Amino acid sequence: MSLLEQAEQHVSQIFEKEIPSGFEYHDMQHTREVVHYSKIIGREEGLNDEDLETLMLAAWFHDSGFARDTADHENHSAAMARKFLTGKISEERIRQIEEGILSTQIPQSPTNKIGEILCDADMFHLSLEEEFIIRNIKLRNEWNNIYGSTMDERTFWDQTAYFLSLHQYFTNYAKAAMQPGKEFNQHQVQREIEKLEAKQHEKEKELNKEIKKLKKKNNKLQSPSRGIETMFRMTARNQINLSSIADNKANILISVNSIIISIIVTMLVRKFSEYPNIIVPSLIFLLTSLVTMIFAILSTRPNISKGRFNLSDVKAKKVNLLFFGNFYNMTLNDYEDAIKEMMKDYDGLYTNMIMDQYFLGKVLGKKYRLLRTAYTIFMFGFTISVVSFAIFALYVPVP
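Sequential numbering of the sequence shown, starting at 21, is according to the numbering used here.
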């Protein structure tokens, strides 16, 4: 088996086993085509048999580095070629192969004849008039697959046009045989860009039509939406439910501690003379119940404002018309005028709804803080009372 056949077999195994399937363009077919065009251009450029073999070896390995890394595959390709060829050909030829492979890195910068031919063969697809568009789409798909990008068509074709404008062939054969096909494809790319521009123009026209329709519906769009009203309604209901829960908890504390105080006052006080060791624990328990009741009552005590405002307050959005405490002292006519003024301005209406929710939340926060304090006092006071009862019962003798 010749060295070229060994190289083909080795690289084929690399593409089959190590290179991911997402490489739609840089696949084994592309490598075979680069080898084919390298052979054609090399013969046309007058390479001898040894140099032609060196060129084709470089062509076989030039994309093998994709098995190691996508961003710097040329260096990996050169290293893989060196590893395979060491001991099979001279060090000078291996260096030529490495230089040729490295010269294919974009922007291409060949430093010897083998590099120039390999660069031109690697860009053979730029001159394929019938397959160029298909090959380019495969290249775009490969970028999206490998790099996880979602490059849109316009950006891709703009970049393709830019690349074609900068690219140049290096060998005389490529300049004569491939340059015309590349120029034809530059026109194809330009046509693709023009098609996309036309589509974009149509989309803009459709968008302008939609904008005009939306402008006609502007008054409707300014009206309160059902979703916003539902949000305010649910928020108000939830806060009222939480307030009701807090009141129920406060009522439980008031009821329980009222019973405790009644029992202590009516029953235990009379026993103080007989059982003096229960005096201190009873007083602690009594004080705990009393303070707990005070905080529970404070959490349920209503707070009413003056119940009046003027029209300037409404226009300045300084008052919440939805809370009875702000208008209960007003006349019906004044209140009606204020409500009508608010209804003219949707922003003002939403402001009032927001204020209503905010201040309801403030009241609810205060209620729960006082209620938490009452439960904390009751918990610790009850514990201390029980402990003190136990201590006095055990260590303070009854006379």
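Even glycine gets a Cβ: it sits at the ideal position worked out from N, Cα and C. Fair warning: this is a prediction, and the values are worked out from it, not measured in the lab.
Should residue i go down as buried or exposed, given a rule of 16 or more other Cβ atoms within 10 Å for buried?
i: T175; result: exposed
i: T308; result: buried
i: A91; result: exposed
i: V285; result: exposed
i: G327; result: Low per-residue confidence applies at G327: pLDDT is 49, beneath 50, and the placement is therefore not dependable enough to give any value.
i: K387; result: buried
i: Q49; result: exposed
i: D89; result: exposed
i: A196; result: exposed
i: A410; result: exposed
i: T170; result: exposed
i: T74; result: buried
i: E230; result: exposed
i: G401; result: buried
i: L273; result: buried
i: M76; result: buried
Quick check on DSSP: helix, strand or coil for residue i?
i: T90; result: coil
i: T320; result: helix
i: E28; result: helix
i: I109; result: strand
i: L148; result: coil
i: H46; result: coil
i: H82; result: coil
i: M21; result: coil
i: G2; result: Residue 2 is absent from the model: the chain starts at 21 and stops at 419.
i: Q259; result: helix
i: D172; result: coil
i: Y370; result: helix
i: M76; result: helix
i: G190; result: Correcting the residue type first, residue 190 is Phe in the shown sequence and not Gly. In the structure shown, F190 sits in coil (DSSP, three-state: anything other than H, G, I, E or B).
i: G135; result: helix
i: M375; result: helix
i: P127; result: coil
i: N165; result: helix
i: S405; result: helix
i: E361; result: helix
i: S58; result: helix
i: S97; result: helix
Residue i to residue j, Cα distance in whole Å?
i: T131; j: D140; result: 13 Å
i: V55; j: N205; result: 23 Å
i: R211; j: I34; result: 38 Å
i: L241; j: K223; result: Bear in mind that a pLDDT of 49 at L241, under 50, signals an unreliable position, so the number given afterwards is only what the model happens to contain. One C-alpha to the other measures close to 24 Å.
i: V311; j: F412; result: 23 Å
i: H145; j: G107; result: 34 Å
i: S41; j: S32; result: 14 Å
i: T320; j: D376; result: 19 Å
i: L352; j: M373; result: 21 Å
i: E226; j: N164; result: 29 Å
i: D47; j: E173; result: 22 Å
i: A218; j: N228; result: 15 Å
i: G62; j: R113; result: 16 Å
i: K269; j: E361; result: 40 Å
Using CA coordinates, which residue listed in the options is at the minimum distance from residue i?
i: I166; options: D178, F86, I404, I114; result: F86
i: S58; options: Y45, K37, F81, E38; result: F81
i: E53; options: E36, E28, G385, P40; result: E28
i: I397; options: M313, R321, L352; result: M313
i: A79; options: N95, D142, N68; result: D142
i: E249; options: E162, Y370, T74, T403; result: Y370
i: P127; options: E94, D172, I109; result: E94
i: L303; options: K269, D178, I281, G135; result: I281
i: K215; options: Y378, M76, W177; result: W177
i: S115; options: E36, F305, R253, D71; result: The displayed chain sequence assigns Arg, not Ser, to residue 115. The shortest Cα separation from R115 among E36, F305, R253, D71 belongs to D71.
i: I299; options: S405, K233, G401, K158; result: S405
i: I213; options: L186, Q179, H96; result: Q179
i: E36; options: L67, L24, M76, T51; result: T51
i: D13; options: I317, I39, I134, E64; result: As shown, the chain starts at 21 and ends at 419. That puts residue 13 outside it, with no answer to give.
i: Y45; options: R253, R160, K269; result: R160
i: L318; options: K360, E361, R392, S97; result: R392
i: F183; options: N258, N277, E203; result: E203
i: G1; options: K232, F43, K235; result: Nothing can be reported for residue 1: it is not among the residues displayed for the chain, which extend from 21 to 419.
What do you reckon, are the CB atoms on residue i and residue j nearer than 9 Å?
i: S123; j: M198; result: no
i: E118; j: R102; result: yes
i: L390; j: S263; result: no
i: L256; j: L384; result: Leu is not the amino acid found at residue 256; the sequence shown has Ala there. It is not a contact, given that the beta carbons lie outside the stated cut-off.
i: Q208; j: I153; result: yes
i: Y189; j: I60; result: no
i: A394; j: F315; result: yes
i: I109; j: L23; result: yes
i: L105; j: I121; result: no
i: I157; j: L67; result: no
i: S408; j: P322; result: no
i: E25; j: T191; result: no
i: G201; j: E136; result: no
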